[in-house]
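Protein chains in written order, with the working numbering: chain Z, 1 to 336; chain Y, 337 to 773.
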């Protein structure tokens, strides 16, 4: 497996905690690199040795199948040692605080921590306490940067550009980290973002994030190039965010009738896992010509390879791959 | 008197009827002049001061109104239907001049599902007479917990949303309901009474309640909900309507909210500007209402609110109750009174007492409530449905069980001499009530 050389010095950040604050240049760099990995993943099997000797820990405080698997596969394809830690097997269940967990893991000298946590800001808090690079794999309702990057790569490959596209993000915006990361990314890359949801599922002053807000699917989807559906958590029904699944689907579920308002070649996306018949009709989700839902999953691995590579190579200077003959060093100091 | 609930004969669609020699009163246009109305089938063809006998086509039937008032039919935005008694509601409505009524969702079954909206529409059509529109429930089963399918209920014909005689008492539920409803541009109608403070109160808190040894219902129970909901409406951008305000301070709150630009509306019912708590007298359960009859100062403030426009409409709050539920010790008796047949004469007291003009008073019963709920009613206009009444604003009569057409006789105005009587009620061009016919 071959790869082009990569100048890690151009990516300025130690951690990838969110899309907010990234420049178009940073994003383009990650997307370009990810795109190369997508092609490589398609053409050849086997492993690269880019991250050989590096350790990636997937630390998931919230259950996840696809994101965790995607990161695991990405790490392994790059030759890193990947360890999965999930909440059920961790000491969190025994009452350890987030920071204690971080310190403990830090003492094991991982190179990259991939962290998902149910509380907004928890990943940033953890990143302040460790020496390694941290990738946010989703924190509360805040950000999910690799999802936004894989969405962007999907769009760029299908549409050839992001700039100037009209994108509608539909559904539970209020609780969605995917929506927030996408809003930041799409805005900075020059797309125009619309949000479509019942008012109960829209955060306050959402338009201040640089979006246009709609409460009606047909009005909001009019002339859109991209339709991003979000997952509706049906347990929100009990908290009076919407009355019933039946009513939600009637007004906000994506079906062909509502889709007519969008451009004929509008691309349909969903971060998964989907609730068929809740936020999206089965036939729309499975429309080979228009739905990019499976492609998004494929882009995910490439994007995560790019992120792991860029961040761990940034660390190369301060954390060279250890010589196996060196004696072990015990880190007892306060982390930087 | 004649009821004509049978479907119109085949010729009805083409039949021309002219109501001539009437004092036309149309609050929407400010029209107050001698003239007539020409109807063809279900519609008004022409209405105006220019319409006299000589202009009427030869084949039209002519009804001479003998100089009496002719106005749009009354639009009553708050009635209750007990059980499935649509026919009785219709008889009472048309006798009171009500041509359009909006019923609370506390029917059996509750209007919290599309199928019930359709059932109510069908039952009302079958009973004929008055046009009935339904409110939908804000919460499932009116339980104040989970939101009802307001979007789909509105599509099926619910004109606005309320939990009827119950306030949505949980602040978060009300906030979510306002937010959710505003997604679809729907209005919520709140019954302003904080249930935990109202507790076991059965009449207005104060001297009368104290003398009678009845547990008091503080006006603060009303104020707290109004104050809270005004905040929630402001916060959510939701459309709020406060039903049957009954205290002076309620109006202060609503007036101030309107002054600062909030889109909020309210209505009241005749008991609150024509009666006070002393009407409870010697434990008269017909005067047990919700909200309760308040102090004289409150009553006077309600009159002021009607005069200055703080109150947007008058609704009857028609609540039929059987004798079984009223012939009980006061504390155990049911709340509510019938009101459609006294709606016009009690409102006309405002005119007879010099508080407002006839057109102004009629506006509170026709144009304003119709516009509030977006109902196609409340005006005399060519092309509009021929829904109007002929009435004598001065004719005196005494409210009594023999005079009322309603099966339930529980009126808080029982025994009251009033002035103003509906002579004819026309709905969709059909004469459905004729006092002297």
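Quick reminder that beta carbons are idealized off the backbone N, C-alpha and C, glycines included.
Check                                                                                                                                            : Outcome
Closer than 9 Å to chain Y by CB, residue 246 (chain Z)                                                                                          : yes
Residues, ordered as in the chain, of the region 202 to 233 of chain Z that lie near chain Y by beta-carbon distance below 8 Å                   : 215
Minimum Cβ-Cβ distance from residue 316 (chain Z) to chain Y less than 9 Å                                                                       : no
Chain Y contact residues for residue 200 (chain Z), given Cβ-Cβ distances below 8 Å                                                              : 512, 515, 516 and 519
Which of helix, strand or coil DSSP assigns to residue 214 (chain Z)                                                                             : strand
N-terminal and C-terminal residue of the beta strand (DSSP E) that residue 734 (chain Y) is part of                                              : 724 to 734
Integer-rounded CB distance, given that residue 84 (chain Z) should sit under 8 Å from residue 58 (chain Z)                                      : 5 Å
Backbone CA spacing between residue 744 (chain Y) and residue 652 (chain Y) [nearest angstrom]                                                   : 15 Å
Residue 544 (chain Y) versus Y:631, Y:706 and Y:679, residue with shortest Cα-Cα distance                                                        : Y:631
Stretch-stretch touch, CB-based, cutoff 8 Å, three pairs: the region 552 to 566 of chain Y with the region 691 to 711 of chain Y                 : no
Any chain Z beta carbon closer than 9 Å to residue 340 (chain Y)                                                                                 : For residue 340 (chain Y), the predicted model reports a pLDDT of 46, less than 50, meaning its position is unreliable; a value from the coordinates is still stated below. No, residue 340 (chain Y) lies away from the interface with chain Z (no Cβ there is under 9 Å from its Cβ).
Anticipated Cβ contact below 8 Å, residue 708 (chain Y) with residue 413 (chain Y), distance rounded                                             : 7 Å
Contacts around residue 468 (chain Y), its chain only, beta-carbon distance under 6 Å, and the 5 residues preceding and following it disregarded : 437, 439 and 460
Contiguous beta strand (DSSP E) assignments of at least 3 residues, all confined to the region 580 to 623 of chain Y                             : 600 to 604
Below-9 Å beta-carbon distance, residue 503 (chain Y) vs any chain Z residue                                                                     : no
Where residue 238 (chain Z) falls, given that 16 or more other Cβ within 10 Å makes a residue buried                                             : exposed
Three-state class that DSSP yields for residue 159 (chain Z) in the structure shown                                                              : helix
Beta strand (DSSP E) runs contained entirely in the region 173 to 237 of chain Z, provided each spans 3 or more residues                         : 192 to 196, 211 to 214 and 226 to 229
Candidates Y:728, Y:366, Y:506 and Y:397: closest to residue 480 (chain Y) by CA position                                                        : Y:506
6 Å Cβ shell around residue 56 (chain Z) - same chain, five flanking residues per side excluded                                                  : 75, 80, 82 and 112
Beta-carbon spacing of residue 37 (chain Z), residue 245 (chain Z) below 9 Å                                                                     : no
Between the CA atoms of residue 596 (chain Y) and residue 31 (chain Z) - distance to the nearest angstrom                                        : 51 Å
Buried or exposed (CB count within 10 angstroms, at least 16 for buried), residue 256 (chain Z)                                                  : exposed
9 Å Cβ cutoff, residue 572 (chain Y) in contact with chain Z                                                                                     : yes
3 or more residues per run - each beta strand (DSSP E) lying fully within the region 498 to 533 of chain Y                                       : 523 to 526
Local Cβ density within 10 Å of residue 205 (chain Z), reported as buried at 16 or more and exposed below that                                   : exposed
Contacting residues, own chain, Cβ-Cβ under 8 Å from residue 402 (chain Y) (five flanking each side not counted)                                 : 357
Any chain Z beta carbon closer than 9 Å to residue 564 (chain Y)                                                                                 : no
Sufficient close CB pairs (3 or more, under 8 Å) joining the region 667 to 680 of chain Y to the region 731 to 749 of chain Y                    : yes
Nearest residue (CA-CA) to residue 539 (chain Y), options Y:646, Y:552, Y:432 and Y:773                                                          : Y:552
Minimum Cβ-Cβ distance from residue 486 (chain Y) to chain Z less than 9 Å                                                                       : yes
contact_flag[the region 516 to 532 of chain Y, the region 227 to 236 of chain Z] where n(CB pairs < 8 Å) is 3 or more                            : no
Where residue 552 (chain Y) sits in the DSSP three-state scheme                                                                                  : strand
Interface flag, residue 454 (chain Y) vs chain Z, CB-CB below 9 Å                                                                                : no
7 Å CB neighbourhood of residue 393 (chain Y) in its chain, flanking five on each side removed                                                   : 352
Interface positions of the region 159 to 189 of chain Z facing chain Y (Cβ-Cβ less than 8 Å), listed along the chain                             : none
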